[in-house]
Amino acid sequence: MPQAAMRGANAAVVGILGAVLYGPVWTSAILNPYDFALALIGLNLLVVWKTPPWVVVLLMAASGTVLHLIRILRELPRAASRSA
644 MPQAAMRGAN AAVVGILGAV LYGPVWTSAI LNPYDFALAL IGLNLLVVWK TPPWVVVLLM
704 AASGTVLHLI RILRELPRAA SRSA
């Protein structure tokens, strides 16, 4: 009986953690398909490839920065044509 209670408590904790993660983290971090792709790649690196977390953090930070810079560079010609 105590083991069944612990399994139930573990399931409840996992559910609460999932709800907490979804609310502030997922809705503010995953804004477009590129963000979703980066999240899936990071999860794949952690779970499948067993990459050290610090390496995944560095790779995802660098990838996010590069994607952001690409978006900015794409906007520059449009912004210049609007102001002219």
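Sequential numbering from 644 applies to the sequence shown in this note's numbering. We treat Cβ as the ideally placed atom computed from N, Cα and C, and that holds for glycine.
In this chain, the alpha helix (DSSP H) harbouring proline 720 covers 696-726. Per DSSP, reduced to three states, the secondary structure at leucine 674 is coil, with no helix or strand assignment. Taken atom to atom, the span from the alpha-carbon of leucine 712 to that of arginine 725 is near 20 Å. Taken through DSSP and simplified to helix, strand or coil, tryptophan 692 comes out as coil. Taking C-beta separations shorter than 6 Å and ignoring five residues to either side along the sequence, the partners of serine 706 in its chain run Leu681, following chain order. Setting aside the 5 residues that flank it on each side, glycine 685 is surrounded in the same chain by Val699, Met703, each with a C-beta closer than 6 Å to its C-beta; the list follows chain order.
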